[in-house]
Amino acid sequence: MRTIMTAALVALTTLPAIADEVWYSPTGDQLVYQAEQDGFAIFSAPWNGEDVYLYFPELAGNYYERSMHDGFWIGGPTSTGCGAALSGPDGRASYSWGRVELVFDRAEYPTGWTALMGNCMADPDGILRASLAAG
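With mature numbering (1 follows the signal peptide of the UniProt record, and there is no 0) applied, the sequence shown covers -19 to -1, 1 to 116.
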């Protein structure tokens, strides 16, 4: 029994927890790995004066082979900017959205990242930097 409990405890402590992934922007804003849904990793972050959610398909559960990942961001429900609304896997929808190219600093958790952000279907041209939170 003790061996099983020890093995379970080791397994729980060696896997990164989603809640452990918190980063900070150069201006001190917090960026958070919020959830995983339908194979998507979902982050929250400040962008252009609003809180947005970033969605990365096939990144959910990937803590050891991170590199460059394409995705999209969605702003608040009352925000505007694009000619059509976009919905995420969590049901969030907005007329404020765009493309994201995410590049991790290292392949393994924990690591910081840089995202190139664009509006609507435009190529990403803005930079969002996320450094590891001191813990």
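Where is the CB? At the ideal position from N, CA and C, for every residue including glycine.
Going by alpha carbons, who is nearest to Glu31 out of Glu89, Arg80, Asp10?
Here residue 31 is taken as the residue at index 50 of the sequence shown, counted from 1. Out of Glu89, Arg80, Asp10, Asp10 has the C-alpha closest to the C-alpha of Glu31.
Of all the options Gly69, Phe37, Gly93, which has the alpha carbon lying nearest to the alpha carbon of Ala22?
Translated into the one-based positions of the sequence shown, residue 22 becomes position 41. When each option's Cα is compared against that of Ala22, the closest is Phe37.
Provide the residue span of the beta strand (DSSP E) that contains Ser112, from first to last.
On the sequence shown, position 131 is the one that residue 112 refers to. Ser112 -> beta strand (DSSP E) spans 107 to 113.
Whether Trp54 touches Leu83 by CB criterion (8 Å):
To locate residue 54, count along the sequence shown from 1; it is residue 73. To locate residue 83, count along the sequence shown from 1; it is residue 102. No, the pair does not count as a contact, with Cβ atoms beyond the cut-off.
Is residue 117 buried or exposed, if buried means 16 or more other CB atoms sit within 10 Å of its CB?
The shown model of the chain, from -19 to 116, leaves out residue 117, and the question about it has no answer.
Same chain only: Cβ atoms within 7 Å of Asn29, ignoring 5 sequence neighbours per side:
The residue given as residue 29 occupies position 48 in the sequence shown. Same-chain partners within the cutoff: there are none.
Is DSSP giving Ala22 helix, strand or coil here?
As a working note, residue 22 is residue 41 in the sequence shown. If DSSP states are grouped into helix, strand and coil, Ala22 belongs with the strands.
Determine whether the beta carbon atoms of Ser75 and Ala66 lie at a separation below 8 Å.
Looking up residue 75 in the sequence shown gives position 94. Looking up residue 66 in the sequence shown gives position 85. Yes. Within cutoff.
Kindly indicate the opening and closing residues of the beta strand (DSSP E) around Leu40.
Position 59 of the sequence shown, counted from the first residue, corresponds to residue 40. Where Leu40 is concerned, there is no enclosing beta strand (DSSP E), given that its DSSP letter is neither H nor E.
Environment of Gly79 [buried if 16+ CB atoms lie within 10 Å]:
Numbered from its first residue, the sequence shown carries residue 79 at position 98. Gly79 is buried by the Cβ-count criterion.
Express the C-alpha separation of Asn43 and Glu89 in angstroms, rounding to a whole number.
As a position in the sequence shown, residue 89 is number 108, starting the count at 1. As a position in the sequence shown, residue 43 is number 62, starting the count at 1. Approximately 9 Å between the Cα atoms of the pair.
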